[in-house]
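If you read the sequence shown in my numbering, its first letter stands for residue 96, the second for the next number, and so on. Idealized CB from N, CA, C, for every residue including glycine.
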Amino acid sequence: MPRIKSLGYNNMGVDYGDSVKFIEAANKVSVGGFTEVGDASNLLTQIMNIYGKTVEDVSKVSDQLFVVQEDGVVTVADLASNMGEAMTMGANYNVALEDILASYASLTKQGRTASTAQTQLKAKSLVA
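Set out below in C-alpha cells:
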C-alpha cells in the first residue's frame, strides 16, 4: 500500500484510509459477486458518483448488491456491465438506488437478462 500512497491519491482528494476501505469493499464484492475486482470497483464507483454515496456507504451498498444477486437471477458482474445508464436515468428522475436494485432483482427473476432489464428501466424512466 505504500506505493499507492506515493502515487498521489491524497493529492487528488481521496483519503488514504478511505482508499483502503474502498478497495477492501470492492474485493468483498468481487469475491461474493463472482466478478473481477475491477468490475466491482467500477460498479461501486458508479454508484458513489451517481447517487452521491461515500466510502462509508459502500458496505451497505455491497450488501444490497448481494441481495439483488440472491433474489434475482443475476450476478454482480452482470450488474457491473448493465446498471450504469439505468442508474443515471433513475437518479435524474429521483428514483432511489434501492428501487433500481429491486427492479433488477424482480426483472431478472422473471427471466430477463440484466441488459434487457436496463433497457426496460431506461424506457420506464423516459415515459415516467
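Between the CA atoms of residue j and residue i - distance to the nearest angstrom
i       : j       : result
Thr-170 : Phe-129 : 7 Å
Val-132 : Asn-122 : 6 Å
Leu-202 : Gly-167 : 8 Å
Met-184 : Asp-173 : 18 Å
Thr-140 : Gly-112 : 16 Å
Thr-214 : Val-162 : 21 Å
Pro-97  : Val-150 : Confidence at Pro-97 is low in this model, with a pLDDT of 49, below 50, so its placement is unreliable and no value can be given for it.
Ser-210 : Leu-138 : 15 Å
Thr-208 : Gly-179 : 15 Å
Phe-117 : Lys-148 : 12 Å
Where residue i falls, given that 16 or more other Cβ within 10 Å makes a residue buried
i       : result
Val-124 : buried
Val-156 : buried
Gln-205 : exposed
Asn-144 : exposed
CB of residue i within 7 Å of CB of residue j, strictly
i       : j       : result
Tyr-199 : Ala-218 : no
Tyr-188 : Ser-220 : yes
Ala-175 : Asp-110 : no
Leu-192 : Tyr-146 : yes
Gln-164 : Leu-196 : no
Anticipated Cβ contact below 8 Å, residue i with residue j, distance rounded
i       : j       : result
Ala-181 : Val-153 : With 8 Å as the limit, Ala-181 and Val-153 do not qualify as a contact, their Cβ atoms being about 20 Å apart.
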